[in-house]
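Below: one structure, written as structure tokens.
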Amino acid sequence: MKLFLVVPCYNEQEVLPDTAHKLRDKMSSLISGGKISPESSVVFVDDGSADKTWEIIRALHEHDGMFRGIKLAHNKGHQNALLCGLMTVKDECDAAISLDADLQDDINAIDEMLEKFSQGCDIVYGVRSSRKKDSAFKRGTAQAFYKIMSALGVETVYNHADYRLMSKRALNALSQYKEVNIFLRGIVPQIGYKTDVVYYERGERLAGESKYPLKKMISFAFEGITSFSVKPIRMVTVIGIGIFICSLIYLLYSLIRYFLGETVRGWTSIIFAILAVGGLQMLSIGIIGEYIGKIYFETKERPKYIVEEYIK
Ligand code: UDP
Ligand code: MG
């Protein structure tokens, strides 16, 4: 059983040496325990880092053949870097596990993932049993995100990030998704096959800072929602119908007032109505525009990433 660990790295020079050391130990113990074959590998995907990340990966590779590196020509974001790594190894491995470079996801869960894989699971999700180590803000926003996603009808695994095992078969299925707006947590549950979950405690970042500032978190959540759900558009339509009915009633009411001869006042309410409807229209156009933007990028069929180098 050939296992590949896929680790996206963006400006991770502070954590990489430590991470590599811990992953190497884990792999060695899995190999000596006969769980995985000695040809298994750890693949670091450098997502266009500006620091020494690539130099470190290169040195690791030269020192130890178990480490491989893929360098993306430009920063393409966590999801694209991850996809690049998975697609690069999919023909070679029996299964691949994706995990973050900061090892916030407990690597001891790998044993259990492999156990489930040997029982015939094609996808094993790592699920955070607690988020005590995350800041209250991160925890709150993340949980709100999962709730909103499920309210909008997007199938995701609660408290699962991108720590998961996928078999070769599942990876081949994933490769058939050609969309450019890639949101793996939404796509993977759509694949199907036999799946299971493994629980673990989420730890703290080994070193360095989070590469997901609030701005990226918001755009990530927005990406997830607009890539998978058309409910926002339906909501706008429903609100639009409601407002339209209200305005008809108001029109009737003002006509009655007119025939009763009380028409001079009411300026405020008219202005209010104009602004309310105008504002709503703006909102609707904005949301529709968001989807048109997606269509625009899908039709371009741009490559999701360009590999600059692949050392192995
Ligand atoms: N990452 C990446 N490209 C980016 C941002 C992040 O490849 O543009 C990687 C990062 O190196 C890490 C993973 O995505 O391995 C998760 O990032 P981080 O740990 O900073 O996120 P957090 O745990 O704070 O949500
Ligand atoms: Mg992290």
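When we follow this note's numbering, the leftmost residue of the sequence shown carries the number 2, and every step to the right adds one. Think of the CB as a built atom: it goes at the ideal place given N, C-alpha and C, for glycine as much as any other residue. Note that the structure is a prediction, hence the values are computed from the model and not measured.
In terms of Cα proximity to E302, the closest of A277, C10, K134, V181 is V181.
A distance criterion of 7 Å places the beta-carbon of Q105 in contact range of the ligand MG, judged by its closest non-hydrogen atom. V44 and I71 have their C-alpha atoms spaced approximately 7 Å apart.
It is roughly 28 Å from the alpha-carbon of I124 to the alpha-carbon of I58. In this structure, the beta-carbon distance from S41 to F68 does not fall below 8 Å. With contact defined as three or more Cβ pairs closer than 8 Å, the region 73-91 and the region 168-183 are in contact. For C10, the beta-bridge partners assigned by DSSP are D47. In the three-state DSSP reduction, A74 falls in the coil class, being neither helix nor strand. DSSP places T157 outside both helix and strand once states are collapsed to three, so it counts as coil.
Counting of Cβ neighbours within 10 angstroms places T238 among the exposed residues, the total staying below 16. In this structure R206 does not touch Q120 by the C-beta definition: roughly 32 Å separates them, more than the 8 Å allowed.
A Cβ-Cβ distance of about 25 Å is found for the pair C122 and D26, leaving them out of contact under the 8 Å criterion.
The region 140-184 is shown to contain whole alpha helix (DSSP H) runs of 4 or more residues at 169-175, in chain order.
Excluding the 5 residues flanking it on each side, A171 has same chain C-beta neighbours closer than 7 Å at D123, I124, I192, Y194, in chain order. Unbroken alpha helix (DSSP H) stretches of 4 residues or longer found wholly inside the region 229-286: 232-260, given in chain order.
Bridge pairing for L4: A96 [DSSP]. In this structure the region 281-297 lies against the region 218-237, because at least three pairs of beta carbons, one per stretch, are closer than 8 Å.
A direct Cα-to-Cα measurement between K77 and L166 gives close to 22 Å. Between the region 148-158 and the region 92-107 there are fewer than three C-beta pairs closer than 8 Å, too few to call the two in contact.
Taking a C-beta distance under 8 Å as the contact criterion, A74 and E299 do not qualify as a contact pair.
In this structure, the CA atom of M283 is about 33 Å from the CA atom of P304. According to DSSP, residue pairing for G127 in a beta bridge involves V199. In this structure, the alpha-carbon of Y147 lies about 19 Å from that of D101.
Using a cutoff of 7 Å, the CB of S29 does not count as near the ligand UDP, since none of the ligand's heavy atoms is closer than that. In terms of Cβ geometry, L17 and T54 form a close pair [threshold 8 Å]. By the criterion of a C-beta distance shorter than 6 Å, L61 is surrounded in its chain by A21, F68, once the five residues flanking it on both sides are discounted.
In the three-state reduction of the DSSP assignment, I37 falls in the coil class.
If you look at I108, you'll find it isn't in any alpha helix (DSSP H); DSSP assigns it neither H nor E.
Look at Y311 here: in three-state DSSP terms it is strand.
Beta-bridge partners assigned by DSSP to R69: V44.
Taken atom to atom, the span from the alpha-carbon of P39 to that of I32 is near 6 Å. In the DSSP assignment, Q120 falls outside any alpha helix (DSSP H) and carries neither an H nor an E. L253 and F260 have their C-alpha atoms some 11 Å from each other.
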